[in-house]
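Participant: Attaching a single structure in structure tokens format; questions to follow.
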Amino acid sequence: MEMERADLLQIYYFMRLTREMEERTRKLFLQGKIVGGVYTAQGHEATTVGAAMVLRDGDCIVPQHRDLGMHLVRGTSPRAVMCQWLARGNSPALGRDGQVHIGDMHHGIVPMISLLGESLSVGCGIALTLKRFKRSGVVLASCGDGATNTGQFHEALNFASVQKLPIVFVIENNGYAYSTPSHKQFAVKDLADRAKAYAMPGESVDGNNVLEVMTAVGNAVENARNGQGPALIECKTFRVRGHSEADKADYVPPELRAEWLKKDPIKRFEEYLQKKKILTAARKDEIEASIKAIINDAVDFAESSPQADPSTVADFVFAPDGPIALIGSTQAQDERYVNSLDRRTGQPFNSVNQVPLTLPEEVGKR
Amino acid sequence: MTAITYLDAISQAIREEMRRDEAVFLLGEDVGTYGGAFKVSAGFLEEFGPERVIDTPMSEAAIIGSAVGSALMGMRPIAEMQYIDFITCGFDQIINMASKMYWRSGMPVPMVIRGPSGGGTKGGPFHSASPEAWFFHTPGIKVVVPSTTYDAKGLLKSAIRDNNPVLFLEHKLLYRQPELRAELPDDDYTVPLGKAIVRREGEDMTVLTYGAMVYQCMQAATVLEEEDDLEVEVVDLRSLTPLDRETIMESVKHTNKVLIVHEDALTGGIGAELAAILAEELFEYLDGPITRVAAPDAPFPYAPPLEAAFLPNAEKILTAARKLAAY
Amino acid sequence: MPTPVKMPRLGESVAEGTIGGWLKKEGDWVERDESLAEIITDKINAELPSPVEGRLVKILVQIDETVAVGTDIALIEAEVGSPAETAPEPAPVAQAAAAAPAQHVQQTRQANRTNGHATPRREEERQRISPLARRLAREHDLDLNTIPGTGTGGRVRKEDILTFIQQRQTTPLAPVIPTTPIAPAPAVAQAPVAPYVPGEYEEVLTPSRMRLAIAEHMVRSKHTSPHATAMVEVDMTNIAKWLEKNKDEFKKRNGYGISFVPFVTKAVCDGLRQFPILNSTWTPDNKIVLKKRINMGVAVATDEGLVVPTIYDADQFTIAGLARKLSEVAQRARANKLTLQDLQGSTFVVNNTGVFGTIISIPIINQPHAGILSMNAVVKRPVVIEDDAIAVRSMMYLCLSFDHRILDGVGSGGFLKAVREKLEGYGREIDVY
Chain B
1 MEMERADLLQ
11 IYYFMRLTRE
21 MEERTRKLFL
31 QGKIVGGVYT
41 AQGHEATTVG
51 AAMVLRDGDC
61 IVPQHRDLGM
71 HLVRGTSPRA
81 VMCQWLARGN
91 SPALGRDGQV
101 HIGDMHHGIV
111 PMISLLGESL
121 SVGCGIALTL
131 KRFKRSGVVL
141 ASCGDGATNT
151 GQFHEALNFA
161 SVQKLPIVFV
171 IENNGYAYST
181 PSHKQFAVKD
191 LADRAKAYAM
201 PGESVDGNNV
211 LEVMTAVGNA
221 VENARNGQGP
231 ALIECKTFRV
241 RGHSEADKAD
251 YVPPELRAEW
261 LKKDPIKRFE
271 EYLQKKKILT
281 AARKDEIEAS
291 IKAIINDAVD
301 FAESSPQADP
311 STVADFVFAP
321 DGPIALIGST
331 QAQDERYVNS
341 LDRRTGQPFN
351 SVNQVPLTLP
361 EEVGKR
Chain S
1 MTAITYLDAI
11 SQAIREEMRR
21 DEAVFLLGED
31 VGTYGGAFKV
41 SAGFLEEFGP
51 ERVIDTPMSE
61 AAIIGSAVGS
71 ALMGMRPIAE
81 MQYIDFITCG
91 FDQIINMASK
101 MYWRSGMPVP
111 MVIRGPSGGG
121 TKGGPFHSAS
131 PEAWFFHTPG
141 IKVVVPSTTY
151 DAKGLLKSAI
161 RDNNPVLFLE
171 HKLLYRQPEL
181 RAELPDDDYT
191 VPLGKAIVRR
201 EGEDMTVLTY
211 GAMVYQCMQA
221 ATVLEEEDDL
231 EVEVVDLRSL
241 TPLDRETIME
251 SVKHTNKVLI
261 VHEDALTGGI
271 GAELAAILAE
281 ELFEYLDGPI
291 TRVAAPDAPF
301 PYAPPLEAAF
311 LPNAEKILTA
321 ARKLAAY
Chain C
1 MPTPVKMPRL
11 GESVAEGTIG
21 GWLKKEGDWV
31 ERDESLAEII
41 TDKINAELPS
51 PVEGRLVKIL
61 VQIDETVAVG
71 TDIALIEAEV
81 GSPAETAPEP
91 APVAQAAAAA
101 PAQHVQQTRQ
111 ANRTNGHATP
121 RREEERQRIS
131 PLARRLAREH
141 DLDLNTIPGT
151 GTGGRVRKED
161 ILTFIQQRQT
171 TPLAPVIPTT
181 PIAPAPAVAQ
191 APVAPYVPGE
201 YEEVLTPSRM
211 RLAIAEHMVR
221 SKHTSPHATA
231 MVEVDMTNIA
241 KWLEKNKDEF
251 KKRNGYGISF
261 VPFVTKAVCD
271 GLRQFPILNS
281 TWTPDNKIVL
291 KKRINMGVAV
301 ATDEGLVVPT
311 IYDADQFTIA
321 GLARKLSEVA
331 QRARANKLTL
341 QDLQGSTFVV
351 NNTGVFGTII
361 SIPIINQPHA
371 GILSMNAVVK
381 RPVVIEDDAI
391 AVRSMMYLCL
401 SFDHRILDGV
411 GSGGFLKAVR
421 EKLEGYGREI
431 DVY
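Chains as they are written, first to last, in my numbering: chain B, 1 to 366; chain S, 1 to 327; chain C, 1 to 433.
Quick look at the structure:
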């Protein structure tokens, strides 16, 4: 895959941002500031960032709990993420839900639920709508190796294939569903083989190689966009930390972890960029400083945000009456339509930055 | 104007809404070419095409999940459960996905899940379910149970136009009942969700019921008037969520005695909640114990004598009502 | 103020943690997020990042010591003015706030309990009684022991209370009041009396409870109020003609009928407004209480006897409105569906004995009112009209009985004149709406 220097740096930037945000989240947890479970994805960055980098406006992601990278690439605001972790009243879920269970349809992000695999058929419904109105958009729906064992996974893949939906399924196979290793979960060698049962293309790739992920997912997305139906991409990767931060993951043989740590996706990509002289030491410092500033801003913002208001806990169980706009149509910007705004707050949806995050320009360039 | 059946009314409601609003579409098993297991959507495929009348694989979770995804996009899907018993296969999509979505994300999920419920058709344990209590207990989904042809159409239109997940429980025993044939207005009428209706006024006792049991209660009420000189007020709840507390309270304040009748099992049924509400709110208006007539706590049986013993009927209602009146 | 560093909860079910080692010693400067200590739990070992920047002034929990989640394990003195450091965690505040009312509740509960024990159980609580009947009895200050129950197992139910109240106050009925102390009512059968032995050609009837109640009330009323009666004759010709012409159409249009009664009731309301002394009561402690609302009792004959349901704020209604209310209460009374509300609260009574064809009838006051008016049959009579001419007119006598303690002839005469003039003032066309 031929890419501009700036694009490559952009990829690197998002991978680093993802990892640093999770590092900071972990610290907030250890400081007792996050009361619920914390799920991170060190090692997944090439898969999550890489898969999302091939998308464009009008596409939609259906992410899971280890997909902060996908979120950030598609515009989810670090402030929103931190408010959500700290359960603040102004978080996208208003403190009613935590973690990266955030998103809004105007920006093509489906907020996940904790029951893994369930979001896949929701992705099919979105793809069904895109297809019906002959939109060029594609849905990228991800799940872990564990979720491929649910009935939902199979129902969704089958339905998508029968209907030839513009949807690409990405499996982040990190070797463990919580503590259960792959050999106790499924008998196939490659999860991409599951695609054969649904007569869709399936491919297994090195999930720690961001360029390989982008090539595979990019091809699948283009095929889906051209009306050739769904595809399944298995990205083989490794979850370096526990299932959650409350899990020391001592069921992982130390040598296995050591082996994967050598294949750390960020380190590998960094070496590649340095070798190609794309990432200089000065440029790296700039990127790190920018990331630090963004995260500090997000944490400070979240910490100074209000706690959720207990008196509202039973409010907004039902949506109000009124017309509903087709997402992506001009009506969706019209405040008369119920779903144009977050009616709980009367404000626009706030999980996504109005101005998307991008790599800061080089200092010397300006 | 010709008199149409309860089933025709449902079919008309969907057809008219699909003509009125491009966002409305139907998906489910055998709904297209075959026209639905009960022929609710007969002729729909020809009129609306395969993109709006979608024959799906036998995958209730994918049907409901896809409906959620479409609804998030601003569509108004109608997901048919071939028999409402099969809704359990899509349970998680309703409970964890659809019902919680607006509350936690602010994004409305305007969709209808509908299908034939109820017993009395020799359907046995897997084709006779009354699943309302599970969903009645779940915040974020509305539950509607029409008993008449007029209501079936008017309530279904309201359900389709609602901006929330709505479970629409049709009673298959009523589908083609000749007695339920009715001439419906030509105009585009709706029946609002959350409004009960008093089917029969009375002073001596309130009967709270819904669905096919309305007819058993009306039959019992006639006997009570003729033989016992008792005037029984029959309230057809129509919507379980939202519940029309006002109409219920008003009636009970007036009559001071309450009999609750439903086809669903006794324990943890709708009646349990109604009884709790009345005991909390109207204790000192009660002149007798809140009484329930419901199916026993057992799965739905197949053999005709078992089915007859299982289902509440006018006779069982009469016995309970007489005991309550004499209390 | 130094910031306490707390033992974090490292997992949903984790309740305590052990200090595996201190990575900083007292007096060291620590950056925000810099590792401070090693924490060991049964699920995870982790390095604890400092929540703030500052000096580690005190280590509170030593190595290998295990403490509960939330326990302070160290103190860090932050630099003055640095932003985030001393913001207290919300949780303890909330806990403290929650704890206080809980304590309060406990105390209150205890107090209640003591109270409950102090009050002896009342007899009625052992009786079978429905919740509604219990409330009605309380509201009407009834002794439940005196009310027989007709429900299963002798349970006292709504009907029993309503029957009791109805009987207690039937004919021209009064609101529930304790028996007037100044005139201890000589009850119909007060002291033990030898049973009557019937002679030849005699038959002894046992009065119904309702009859007994009426009897009691009549005796009491005559004993309580010195009755005086005044009468006027009213020319009802125009009203009679209007009714003749419009009665059927009115009924067809409204679904309920219209008669002389709403006209008279309306006129009486107007009269009471002008002479409020007649809308009053003489109290046991010898005061006169004026009633600000005009709630008209209207006597209705039923199979069981006479009942007097109330039309609340009768003066607010039009003639048609009164006709509707009269029709409603009469229907309910005849169907035996009167509610408690219907049977209380009246301040004056209009009684139409005219339906039985009487031309004069002297009513007995419905205690504790100041007066009662009976209207009689409207009959055609030759009367002398203007210029000494004689004409056939529709005439009616109105009889007012009043409590002579409260007013005299002047008041009663003025009131009757006002009523008469109102009734005679209608022309050929009457707007009853």
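C-beta atoms are modelled at their ideal positions from N, C-alpha and C, and glycine is treated no differently.
(1) On the three-state DSSP scale, how would you describe alanine 258 of chain B?
(2) Below 9 Å on C-beta distance, what does glycine 151 of chain C contact in chain S?
(3) If I'm right that valine 235 of chain S touches leucine 208 of chain S with Cβ under 8 Å, what's the distance once you round it to whole angstroms?
(4) State whether the segment 319-339 of chain C contacts the segment 262-276 of chain C, with contact taken as three or more CB pairs (one from each stretch) at a distance under 8 Å.
(5) Ignore the nearest five residues each way along the sequence and tell me which others in cysteine 124 of chain B's own chain have a CB closer than 7 Å to its CB.
(6) At 7 Å on the CB atoms, spell out the chain B contacts of alanine 46 of chain C, in chain order.
(7) With alanine 136 of chain S as the anchor, note down where its alpha helix (DSSP H) starts and where it stops.
(8) Can the beta-carbon of isoleucine 291 of chain B be found closer than 7 Å to that of arginine 16 of chain B?
(9) Under 8 Å between beta-carbons, which chain S residues line up against alanine 389 of chain C? List them in chain order, please.
(10) Compare the C-beta of glycine 425 of chain C with all C-beta atoms of chain B and state if any pair is closer than 7 Å.
(11) Please report how far the alpha carbon of isoleucine 165 of chain C lies from the alpha carbon of threonine 319 of chain S, in whole angstroms.
(12) Threonine 18 of chain B: buried (16+ other C-beta within 10 angstroms of its C-beta) or exposed?
(13) With a threshold of 7 Å between beta carbons, is glutamate 233 of chain S in contact with chain C?
(14) Report the neighbours of aspartate 28 of chain C on chain B: residues whose CB is nearer than 8 Å to its CB, in chain order.
(15) Measure the C-alpha to C-alpha separation of aspartate 285 of chain B and threonine 358 of chain B and round it to an integer number of angstroms.
(16) Return yes when the Cβ of alanine 74 of chain C is within less than 7 Å of the Cβ of leucine 60 of chain C, no when it is not.
(17) Tell me whether alanine 182 of chain S sits in a helix, a strand or coil according to DSSP, three-state version.
(18) Judging by CA-CA distance, which residue of S:Ala42, S:Lys100 and S:Ile87 is the nearest neighbour of methionine 58 of chain S?
(19) Buried or exposed: which applies to alanine 314 of chain B, given that a residue is buried once 16 or more other Cβ atoms fall within 10 Å of its Cβ?
(20) Compare the beta carbon distance of serine 225 of chain C and aspartate 403 of chain C with 7 Å and say whether it is the shorter of the two.
(21) Nearest-angstrom Cα distance between asparagine 164 of chain S and alanine 295 of chain S?
(22) Of all the CB atoms in chain C, is at least one closer than 7 Å to the CB of alanine 289 of chain B?
(23) Taking 7 Å as the CB-CB cut-off, is tyrosine 102 of chain S touching chain B?
(24) First and last residue of the alpha helix (DSSP H) that includes threonine 132 of chain B?
(25) In or out: glutamine 307 of chain B buried (at least 16 other Cβ within 10 Å) or exposed?
(26) Assuming the contact rule is C-beta atoms closer than 8 Å, isoleucine 406 of chain C and serine 280 of chain C should be a hit. Round their C-beta distance to whole Å, please.
(27) On the three-state DSSP scale, how would you describe glycine 144 of chain B?
(28) Which residues does DSSP list as the beta-bridge partners of leucine 291 of chain S?
(29) Does any CB atom of chain B fall closer than 7 Å to the CB of isoleucine 406 of chain C?
(30) Counting only runs of 4+ residues fully inside the segment 38-77 of chain B, write out the alpha helix (DSSP H) ranges in chain order.
(31) Within the segment 311-381 of chain C, note down every full alpha helix (DSSP H) run reaching 4 residues or more, in order along the chain.
(32) Does DSSP put phenylalanine 275 of chain C in a helix, in a strand, or in coil?
(33) Using only the alpha-carbon positions, how far apart do isoleucine 14 of chain S and asparagine 208 of chain B sit?
(34) Does any residue of chain S have a CB that is nearer than 7 Å to the CB of alanine 319 of chain B?
(35) Taking the CB atoms as reference points, tell me whether leucine 373 of chain C and leucine 400 of chain C lie closer together than 7 Å.
(36) What residue range does the alpha helix (DSSP H) around glutamate 153 of chain B cover?
Facilitator: Checking against the coordinates, here is how it stands:
(1) helix
(2) Asp287, Gly288, Ala326 and Tyr327
(3) 5 Å
(4) yes
(5) Ala156, Phe159, Ala160, Leu165 and Ile167
(6) Leu30
(7) Looking at the sequence shown, residue 136 of chain S is not alanine but phenylalanine. Per DSSP, phenylalanine 136 of chain S belongs to the alpha helix (DSSP H) from 132-136.
(8) Against a cut-off of 7 Å, the Cβ pair of arginine 16 of chain B and isoleucine 291 of chain B comes out as a contact.
(9) Under the 8 Å cutoff, chain S gives no residues; its nearest Cβ is about 56 Å from alanine 389 of chain C.
(10) no
(11) 31 Å
(12) buried
(13) No, glutamate 233 of chain S lies away from the interface with chain C (no Cβ there is under 7 Å from its Cβ).
(14) Listed along chain B is no residue with a C-beta nearer than 8 Å to that of aspartate 28 of chain C; the closest approach is about 18 Å.
(15) 16 Å
(16) Taking 7 Å as the Cβ cut-off, leucine 60 of chain C and alanine 74 of chain C qualify as a contacting pair.
(17) strand
(18) The shortest C-alpha to C-alpha distance from methionine 58 of chain S to any of S:Ala42, S:Lys100 and S:Ile87 is the one to S:Ile87.
(19) By the neighbour-count rule (16 or more Cβ atoms within 10 Å), alanine 314 of chain B is not buried but exposed.
(20) Yes, the Cβ-Cβ distance between serine 225 of chain C and aspartate 403 of chain C is below 7 Å.
(21) Distance between the alpha carbons of asparagine 164 of chain S and alanine 295 of chain S: 30 Å.
(22) no
(23) yes
(24) Per the sequence shown, the amino acid found at residue 132 of chain B is arginine instead of threonine. Where arginine 132 of chain B is concerned, the enclosing alpha helix (DSSP H) stretches over 119-132.
(25) With fewer than 16 other Cβ atoms within 10 Å, it is exposed.
(26) 6 Å
(27) strand
(28) According to the sequence displayed, residue 291 of chain S carries threonine and not leucine. Looking at the DSSP assignment, threonine 291 of chain S forms a beta bridge with S:Leu259.
(29) no
(30) 45-53 and 68-73
(31) Runs found: 319-334.
(32) coil
(33) Those two C-alpha atoms are separated by around 50 Å.
(34) Interface residue, yes.
(35) yes
(36) Note that residue 153 of chain B is phenylalanine in the sequence shown here, rather than glutamate. 151-162 is the extent of the alpha helix (DSSP H) around phenylalanine 153 of chain B.
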